[in-house]
Structure formats: structure tokens, C-alpha cells
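Here is the structure we will look at.
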Amino acid sequence: MGNGPSKPPTCKGTLDKNKYSVIIPALNEEQSIAAAVHSAQHPGSEVIVVDGGSRDGTIKNAEVAGACVICTSRSGRSVQMNAGADKASGRMLIFLHADSTLPQDFCAHMDSVMKEDRRWGCFESIDIGADVHPILSRAMQIGVALRTRWLSQPYGDQGIFVERETFRHIGGYRNDYQLLEDVDLVQKLRKTYGRPAIIPCSLQTSGRRWKNLGFIKTTLLNQYILVRYAMGADVNTLAELYRSMK
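In terms of my numbering, the sequence shown opens at residue 6 and continues consecutively.
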């Protein structure tokens with residue numbers, strides 16, 4: 006595939022070998038994909054990168070890092086994550102953004118919280134780094150944690166994980182959603198299976214969105230889109246607005 010190794014990792018695993026399947030949707034993420042893949046590697050996990058048509062070195066870098074790479078005919082996180090879930094062999098699916106990294110002991114964290122007989126879960130918050138704005142970044146980290154614990158409403162950048170059969174039972178992500186696919190998934194999970202299991206630490210993720218647009222503008226844009234969606238606005242119209250502002 007591409008300019009990757011002659012024998013890239015296979016996506017064919019076994020349930021006994023792979024307890025966790027980490028699924029990473031990617032599009033032109035050559036700078037960050039290797040770190041994401043390396044963070045997800047564990048004796049009990051498989052790492053699947055789903056590329057949506059990258060024109061840079063994403064595929065090559067993912068393969069060199071040790072991931073199984075599959076490609077979809079069109080981009081879009083929903084399509085890519087569903088494709089990854091179809092190929093996954095693990096009992097638990099973990100959806101990780103390509104600009105994020107899992108903590109070294111993520112498997113132990115998940116084993117601990119899933120003992121509570123939960124079907125799905127997430128990390129408590131995100132850490133975008135102090136270089137964006139130390140005070141505002143910390144305030145956002147606290148705010149995300151409160152939203153997650155009080156409202157049971159995590160977002161996709163918090164590393165949502167869900168049992169594979171549970172994911173299939175609720176129909177996975179909506180392929181027709183170009184944005185807010187995570188909000189829709191969480192609503193279905195919460196309605197059917199209750200509150201999430203929460204890993205009490207933050208997921209490291211890139212602060213580039215906040216750097217590019219500005220912390221305040223990015224936060225206001227996100228909230229505006231969420232409010233419009235709650236009021237019934239077309240999700241793909243909102244996606245066009247989001248892309249135009251990036």
C-alpha cells in the first residue's frame with residue numbers, strides 16, 4: 006500500500022489475541038499519526054488506521070509505525086470509523102483521533118472502569134497543552150470533566166470506547182453525518198445503556214484548532230453549532246459552516 010512496508014500489518018486478528026481494537030480515522034495527518042499509533046500499541050490491542058484519501062505521507066507513516074491501514078472510498082469520520090469497526094477483532098472498540106495519544110496504561114484504566122458492568126465509556130477530559138493558553142486550557146479541561154460527569158456527554162476527542170457488540174446493536178456512527186457523529190452516538194449509547202464508564206484522567210490531544218482560530222472563537226463556534234443542532238438544524242449544513250471557519 007503506497008510507499009509503506011512490503012508486508013504491512015494485517016487487520017485479521019482473533020478475539021482471544023486482541024481484547025482491544027483502537028480505530029484511528031485519518032486524513033492528511035502525516036505529522037501526528039505515528040504518535041497516535043505508538044500510543045495505542047499494547048500486547049492486548051490491535052491498531053487500525055482508516056485513511057480517507059490522504060495526499061501526504063499518512064499511510065506510509067502509519068504502516069511504518071505498525072498499524073494496519075485500510076482506506077475508504079470517501080472521507081468522513083463516520084464512514085472511516087464504521088469501516089474500522091467492521092474490520093476490528095477486539096471485544097472493545099476505542100475510537101482515537103489522529104492528533105491524540107492514549108496514556109501508556111490505557112488498557113489497565115479500561116479494565117478497571119469496565120468492571121462496573123458498563124457497556125461504553127470515555128476519558129474524563131482532554132489536555133490540549135499549556136502552550137495554547139495556560140489558564141484557558143486548564144479551565145476548558147475542568148469544564149469538559151464536569152460536563153462528562155454531570156451530563157454524561159463526552160465528545161469524540163475524549164477517546165470514546167464501546168463494546169463491539171454494543172456498537173453494532175445501536176447501529177454505529179451515522180454515515181450521513183459529516184459532523185457531530187460523536188454527539189449522535191453518545192445519545193444513543195446513553196439512552197440504551199445508561200451512563201458511561203469514565204477513566205479519571207485526560208486524553209492528550211492537539212491544540213491546533215484553538216491555535217489556528219483562537220481559543221475564544223473556537224469555543225464559541227463549537228457551542229453555536231451544538232445549540233443549532235439541538236434546535237434541529239441540518240447537521241451537514243452545520244458541517245459546511247464548521248469547515249468554512251477552520
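Positions of the beta carbon are idealized from the N, C-alpha and C atoms, including for glycine.
Pair within 8 Å by beta-carbon distance, Met97 and Val55
Position 92 of the sequence shown, counted from the first residue, corresponds to residue 97. Position 50 of the sequence shown, counted from the first residue, corresponds to residue 55. The answer is no: Cβ separation not under 8 Å.
How far does the beta strand (DSSP E) with Glu186 in it reach, from first residue to last?
As a first step, residue 186 is located in the sequence shown; it is residue number 181 there, counting from the start. Where Glu186 is concerned, there is no enclosing beta strand (DSSP E), although the alpha helix (DSSP H) it sits in stretches over Glu186 to Tyr198.
Taking only the alpha-carbon atoms, compute the straight-line gap between Ser50 and Ile175 and give it to the nearest angstrom.
Against the sequence shown, residue 50 aligns to sequence position 45. Against the sequence shown, residue 175 aligns to sequence position 170. If I take the Cα positions, the gap works out to 23 Å.
Among Leu184, Tyr25, Ile230 and Gln228, the one whose alpha carbon lies nearest that of Ala113:
Residue numbering aside, residue 113 sits at position 108 when the sequence shown is read from its first letter. Ranking Leu184, Tyr25, Ile230 and Gln228 by Cα distance to Ala113 puts Tyr25 first.
Over what stretch of residues does the beta strand (DSSP E) that includes Gln209 continue unbroken?
Against the sequence shown, residue 209 aligns to sequence position 204. Ala202 to Thr210 is the extent of the beta strand (DSSP E) around Gln209.
Cys206 and Gln163: beta carbons closer than 8 Å?
Residue mapping note: residue 206 aligns to position 201 of the sequence shown, counting from 1. Residue mapping note: residue 163 aligns to position 158 of the sequence shown, counting from 1. Taking 8 Å as the Cβ cut-off, Cys206 and Gln163 do not qualify as a contacting pair.
Once you ignore the five residues that flank Arg213 on each side, which residues in its own chain have a CB closer than 8 Å to its CB?
Counting from one through the sequence shown, the residue named residue 213 turns up at place 208. Closer than 8 Å at Cβ, skipping near neighbours: Asp104.
Quick check: what's the CA-CA separation for Cys73 versus Pro48?
Within the sequence shown, residue 73 is the residue found at index 68, counting from 1. Within the sequence shown, residue 48 is the residue found at index 43, counting from 1. Roughly 15 Å separates the two Cα atoms.
Would you mind stating whether Val27 and Leu101 have Cβ atoms separated by less than 8 Å?
Walking along the sequence shown from the start, residue 27 turns up at place 22. Walking along the sequence shown from the start, residue 101 turns up at place 96. Yes, they are a contact pair.
Contact belief for Asp187 with Ile165 at Cβ below 8 Å, rounded distance in angstroms:
For the purposes of this step, residue 187 is taken as the residue at position 182 of the sequence shown. For the purposes of this step, residue 165 is taken as the residue at position 160 of the sequence shown. That pair is a contact at about 7 Å.
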